[in-house]
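Worksheet for the structure shown next.
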Amino acid sequence: MRIHKFIYKSMKDANSSGGEGDDIDWNTDDELEIASYGLPSSNMRLRGGEINAESGGEINAGSTEIVKATTSAVSLSSKTIDHFVGMGFSEEIVARAVQECGEENTDLILETLLKYSASSSASSSNSKLVDHFVGMGFSEEMVAKAIQENGDENTDSILETLLTFTAVEKSLQAQNQVGSDLSSEYEGSFLDDFSDIDGFSESEETTNCASDKENKLLSLASMGYTVEEASIAMERCGSDSTIAVLTDFICAAQMAKANDALLEEIEEKVRPKKLCNDHHKHKKRRMLDQGIREDEAIRLPNPMIGFGTPSDPDCVIHRKLPEAAVGPPYFYYENVALAPKGVWDTISRFLYDVEPEFVDSKYFCAAARKRGYVHNLPINNRFPVLPLPANTIYEALPLTRRWWPEWDTRTKLNCLQTCVASAKLTERIRKALEKYDNEPPYSVQKYVMDECRKWNLVWVGRNKLAPLEPDEVEMLLGFPRNHTRGGGISRTDRYKSLGNSFQVDTVAYHLSVLKDMFPRGINLLSLFSGIGGAEVALHRLGIPLKNVVSVEISEVNRSIVRSWWEQTNQRGTLIDMADVQQLNSDRLEQLMDSFGGFDLVVGGSPCNNLAGSNRYTRDGLEGSHSSLFYDYFRILDIVKNWAQVYNEKKIVV
DNA sequence: AAAAGACAGATTGTAGAT
DNA sequence: ATCTACAATCTGTCTTTT
Numbered sequence: 003m004r005i006h007k008f009i010y011k012s013m014k015d016a017n018s019s020g021g022e023g024d025d026i027d028w029n030t031d032d033e034l035e036i037a038s039y040g041l042p043s044s045n046m047r048l049r050g051g052e053i054n055a056e057s058g059g060e061i062n063a064g065s066t067e068i069v070k071a072t073t074s075a076v077s078l079s080s081k082t083i084d085h086f087v088g089m090g091f092s093e094e095i096v097a098r099a100v101q102e103c104g105e106e107n108t109d110l111i112l113e114t115l116l117k118y119s120a121s122s123s124a125s126s127s128n129s130k131l132v133d134h135f136v137g138m139g140f141s142e143e144m145v146a147k148a149i150q151e152n153g154d155e156n157t158d159s160i161l162e163t164l165l166t167f168t169a170v171e172k173s174l175q176a177q178n179q180v181g182s183d184l185s186s187e188y189e190g191s192f193l194d195d196f197s198d199i200d201g202f203s204e205s206e207e208t209t210n211c212a213s214d215k216e217n218k219l220l221s222l223a224s225m226g227y228t229v230e231e232a233s234i235a236m237e238r239c240g241s242d243s244t245i246a247v248l249t250d251f252i253c254a255a256q257m258a259k260a261n262d263a264l265l266e267e268i269e270e271k272v273r274p275k276k277l278c279n280d281h282h283k284h285k286k287r288r289m290l291d292q293g294i295r296e297d298e299a300i301r302l303p304n305p306m307i308g309f310g311t312p313s314d315p316d317c318v319i320h321r322k323l324p325e326a327a328v329g330p331p332y333f334y335y336e337n338v339a340l341a342p343k344g345v346w347d348t349i350s351r352f353l354y355d356v357e358p359e360f361v362d363s364k365y366f367c368a369a370a371r372k373r374g375y376v377h378n379l380p381i382n383n384r385f386p387v388l389p390l391p392a393n394t395i396y397e398a399l400p401l402t403r404r405w406w407p408e409w410d411t412r413t414k415l416n417c418l419q420t421c422v423a424s425a426k427l428t429e430r431i432r433k434a435l436e437k438y439d440n441e442p443p444y445s446v447q448k449y450v451m452d453e454c455r456k457w458n459l460v461w462v463g464r465n466k467l468a469p470l471e472p473d474e475v476e477m478l479l480g481f482p483r484n485h486t487r488g489g490g491i492s493r494t495d496r497y498k499s500l501g502n503s504f505q506v507d508t509v510a511y512h513l514s515v516l517k518d519m520f521p522r523g524i525n526l527l528s529l530f531s532g533i534g535g536a537e538v539a540l541h542r543l544g545i546p547l548k549n550v551v552s553v554e555i556s557e558v559n560r561s562i563v564r565s566w567w568e569q570t571n572q573r574g575t576l577i578d579m580a581d582v583q584q585l586n587s588d589r590l591e592q593l594m595d596s597f598g599g600f601d602l603v604v605g606g607s608p609c610n611n612l613a614g615s616n617r618y619t620r621d622g623l624e625g626s627h628s629s630l631f632y633d634y635f636r637i638l639d640i641v642k643n644w645a646q647v648y649n650e651k652k653i654v655v
């Protein structure tokens, strides 16, 4: 508990220049500077070589790890003193501690400093005690109540009580998200209600899981993060995540918020000028605004060909990956390109600041599919799988050619989605067209074409349009015929599974560089596998699949992949499971220990809260499904850390 | 109960015009 | 530089049918 007290205090001190209440309060100049350049989490990462062990419910375990990581990450020599002073210790004390312990052993120095800190706070008088905790950011009222309950002797239990108060208060606020103004109301009432709430929480949360969760929450709170941040992080990353992963998450979230705050700050600065000198300054503000956004925000390329396509292979010859991103293991993450603003910035920031490769599959096949791919694969010497797919609608669906009118100039289909047009619609179109013997007037053509583009209709007879058959979608996406057919899957589910899948030729092109690197095959971790687009792509490339761990929530999809696996005479092992959220580090490490880790981690997390077609719950990356992205990150991070430790061991041996 | 059918705009970015 | 029109979009929910 002492350690927490200290860290909490030092964080608060470091952040004293701004921020209050629920807002993220990290406003030191250095951090804002980092944020303003859109720089990565990698600079902020608290990742040491040996912090991937799960904390076993001990309240101190998590934060001790962080302290170790932080200290070992800092270079020794003259910077040591600055480092600890920056943590909130006085220069005098640090100097003494360094003298006592030597410069080398930063852990020991920290321990000594903590002892100093603890003994000094233990000698405080009562009023000093109140000030002490108020200085930490607790309200006077709360502190008084806590001291009353615990006496003024035991500072540890006082702090514990305060943290519990805060946690309860915050969770109350979170539950009643009526508005930010409510906090003052709660401040008045929480003390009276507290005993009841306490009883409730104790009776409800007595399982190990819950107490571990609570401990982590408290650990994070004591590190200076708000309980709100901490609980969001635990929700996103899973409650069994290590403190390191959780702090990673929070840091990245803070980055995002800081970026927004910075923008607002600048706008605030310029806004008064706009008022006194309307037109001119208005323009200037826009320019400034756009200037920053252009630097910050990820923009979609036009044409959307990424780092090259089979027909145009040499767009970008070389790229430099951020160090934290360099594999092995290799990773490949996919989602819709046309996501709400800021989504790709967040995704990229989490995935080690790798720039997404945006590719439209219309450069690979006869249907468009605008997707972003974040991966750390080499991009030279890619090659397409053979046979090359049909490149136009005519080639893909030759029987439609006969009925295709002159005025329908489409050569490519639009994105293949999960829903198809109704029979009613195609009937309306037919009736509209039947009024005319020859070519319909422009207005009708326009109507028909709009519907054709919206629903991907194709001509199957005179005046007769139809949605694509599941077989045709299969073929267009590069899957073997009947891949999703039979075995108990309905037609509707086929459309749904296919609509949510990879375009195999596109993905295979990107993955093709692995063939020479892994002639004996790879171990694959496939998250959100769907109908196995990645597996099919690798198989079609002739890359042997040794061990495949496939995680997919839909039972019919798992069955499709299993069936494909058996039909293609695979020599490897397919392990499938349902829920990425249930895939914890213990299970992962057990798997990785058994066959030597993963060579590739593929995943396309749910897009339904990002996709433009969603009228109801397009909530962005924090949506109930799309937030599973954070599980991709969590799991990838575990795999990367495992690989790092594994490689270090290999070097030693 | 499961499957199929019908229908529900908004958020983006872009190209062209002013 | 702004404005405007236009195009694209791995969907959800309710109702009807099987």
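Letter by letter, the first sequence follows residues 3 to 655 in the working numbering. The C-beta atom is built at its ideal place from N, Cα and C for all residues, glycine as well. If you're wondering where the values come from, they're calculated on a predicted model, not measured in any experiment.
If you keep only unbroken alpha helix (DSSP H) runs of at least 4 residues inside the segment 522-582, you get 535-543 and 557-569. Taking 3 residues as the minimum length, the beta strand (DSSP E) runs contained wholly in the segment 429-471 are 460-463 and 466-468, in order along the chain. For Val475, the secondary structure class from DSSP, reduced to helix, strand or coil, is helix. Distances from the CA of Asp639 to each of Ala97, Gly329, Val96 and Ile160 were compared; the closest alpha carbon is that of Gly329.
As for any alpha helix (DSSP H) of minimum length 4 sitting wholly inside the segment 305-392, the runs are 345-352, ordered along the chain.
Around the C-beta of Tyr335, 16 or more other C-beta atoms lie within 10 Å, and the residue is accordingly described as buried. For the pair Pro391 and Phe504, the Cα-to-Cα distance works out to about 14 Å.
Per DSSP, the continuous alpha helix (DSSP H) segment holding Leu638 begins and ends at Phe631 to Val654. In the three-state reduction of the DSSP assignment, Leu302 falls in the coil class, being assigned neither a helical nor a strand state. Val604 sits in a strand when the DSSP states are folded into three classes. With a cutoff of 9 Å on beta-carbon distance, Val604 and Ser514 are scored as not near each other.
Residue pairing by DSSP places Leu415 opposite Ala369 in a beta bridge. Pairing Asn217 with Ile245, the inter-Cα distance amounts to about 11 Å.
Here Ala398 carries a helix assignment [DSSP, helix/strand/coil]. Shown here for Glu554: same chain residues with a beta carbon closer than 6 Å to its own, the five before and five after excluded, namely Ser531 and Arg560 in chain order. In the three-state DSSP reduction, Ser492 falls in the coil class, being neither helix nor strand.
Leu612 sits close to Arg620, with the two beta carbons spaced by under 9 Å. Residue environment analysis places Cys367 among the buried positions, since at least 16 neighbouring C-beta atoms fall within 10 angstroms of its C-beta.
Comparing alpha carbon positions, the residue from Asp581, Arg522 and Asn502 closest to Gly534 is Asn502. If you draw a straight line from the Cα of Ala339 to the Cα of Arg522, it is about 34 Å long. Secondary structure note for Ala423: it is in no alpha helix (DSSP H), with a DSSP letter that is neither H nor E. When only Cα atoms are considered, Val136 and Glu142 end up about 6 Å apart.
Bounds of any alpha helix (DSSP H) do not take in Asp410, whose DSSP letter is neither H nor E. Ranked by Cα distance from Thr311, the options Pro608, Asn382 and Ala580 are led by Asn382. Burial is judged here by how many other beta carbons sit within 10 angstroms of a residue's own beta carbon; Leu302 has fewer than 16 and is exposed. Boundaries of the alpha helix (DSSP H) harbouring Ala148: Glu142 to Asn152, taken from the DSSP string. Taking a cut-off of 8 Å for Cβ pairs, the segment 415-422 and the segment 457-465 touch, as three or more such pairs fall below it. The closest CA to that of Asp595, considering only Trp409, Gln584, Asn649 and Asp518, is found on Asn649. Taking C-beta separations shorter than 8 Å and ignoring five residues to either side along the sequence, the partners of Tyr511 in its chain run Thr311, Pro312, Phe366, Arg384, Phe385, Pro386 and Val387, following chain order. Taking 8 Å as the upper bound for CB-CB distance, Leu602 and Leu526 are in contact here, some 5 Å apart. In the same chain as Asp578, and ignoring 5 residues on each side of it, the C-beta atoms closer than 6 Å to its own belong to Ser552 and Arg560, in chain order. A check of alpha carbon separations from Trp406 across Lys426, Glu441, Tyr375 and Asn378 identifies Glu441 as the nearest. Secondary structure note for Arg403: it is in no alpha helix (DSSP H), with a DSSP letter that is neither H nor E.
Gly344 is a Cβ neighbour of Ala299, given a cutoff of 9 Å. Proximity to Val582 across Ser628, Gln150, Ile545 and Ala468 peaks at Ser628, based on C-alpha coordinates.
Shown here for Arg564: same chain residues with a beta carbon closer than 8 Å to its own, the five before and five after excluded, namely Leu576 and Asp578 in chain order.
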